[in-house]
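Accompanying notes for the structure given below.
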Amino acid sequence: EEFVTQDMTIEAEYIPWVTILASNENTDDGKLALALAEGKFKENAALSVSDSSIEPPETAKIGETKVWDIRLTGTGLSDSDTTRIRLVNNNKSRVYAWKYTESGEWEKVKLTNKGKYVCADINGTSATICLTYTTASNITSIVVLAICGALAILAFIFRKKLALVIRRKKAV
Numbered sequence: 002e003e004f005v006t007q008d009m010t011i012e013a014e015y016i017p018w019v020t021i022l023a024s025n026e027n028t029d030d031g032k033l034a035l036a037l038a039e040g041k042f043k044e045n046a047a048l049s050v051s052d053s054s055i056e057p058p059e060t061a062k063i064g065e066t067k068v069w070d071i072r073l074t075g076t077g078l079s080d081s082d083t084t085r086i087r088l089v090n091n092n093k094s095r096v097y098a099w100k101y102t103e104s105g106e107w108e109k110v111k112l113t114n115k116g117k118y119v120c121a122d123i124n125g126t127s128a129t130i131c132l133t134y135t136t137a138s139n140i141t142s143i144v145v146l147a148i149c150g151a152l153a154i155l156a157f158i159f160r161k162k163l164a165l166v167i168r169r170k171k172a173v
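Here the sequence shown stands for residues 2 to 173, where the numbers follow our numbering.
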């Protein structure tokens, strides 16, 4: 074992971690980054978002749909590291998300809201994410159509049963 037994001068340079990255790509109005990444990154780290050529899942086509390739570079992260990504939700719509897996399948992703963004976790330094933004009016329309359909089915069943009762009375 060695011990320090006299004064010693140690020189070091402290470089603070970058704890949030913003993509260079912004919303159409230029006010918000399309994505943010949370974590501990090196100072030359970068986050990029680009439109993907991968088709969205069929279940995603109920509103405005975007498929993005997300890349983290210069971060020092490995493929086993998990990073929290914030994806823009500028108009506060209801958002659904899917992640494209290595096996070529879409997997539903659980999101949490954080300000004008929704948060999801990605593994490694890249991911392809599909987002579907639905407004309250879209959801309301779907619900109203479903209720109307159910009422039409109930009216049809009631009418058939009523006709059956009338036929039985006439037969008696």
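We treat Cβ as the ideally placed atom computed from N, Cα and C, and that holds for glycine.
Scanning the segment 71-113 for uninterrupted alpha helix (DSSP H) segments of 4 residues or longer gives nothing; none is fully contained.
Residue environment: Ser24 is assigned as buried (16 or more neighbouring CB atoms within 10 Å of its CB, all protein chains considered). DSSP lists no bridge partner for Ile167. Counting the other CB atoms within 10 Å of its CB gives Phe159 a total below 16, which places it among the exposed residues. Judged by their CB atoms, Arg87 and Ala156 are not nearer to each other than the 8 Å cut-off.
Secondary structure remark: continuous alpha helix (DSSP H) runs of at least 4 residues inside the segment 6-64: none found.
Annotation: Val19 to Asp122 spans about 18 Å, alpha carbon to alpha carbon. With 16 or more neighbouring CB atoms inside 10 Å of its own CB, Gly40 falls in the buried class.
Contact annotation: the segment 7-18 does not touch the segment 89-101, with fewer than three C-beta pairs closer than 8 Å. Rounded to the nearest whole angstrom, the C-alpha separation of Val110 and Asn27 is 23 Å. Cys131 sits away from Thr83, with the two beta carbons spaced by 8 Å or more. Boundaries for Thr126: no beta strand (DSSP E) harbours it, and the DSSP string shows neither H nor E there. The shortest CA-to-CA distance from Thr60 to any of Ser54, Gly75, Ala153, Tyr97 is the one to Tyr97.
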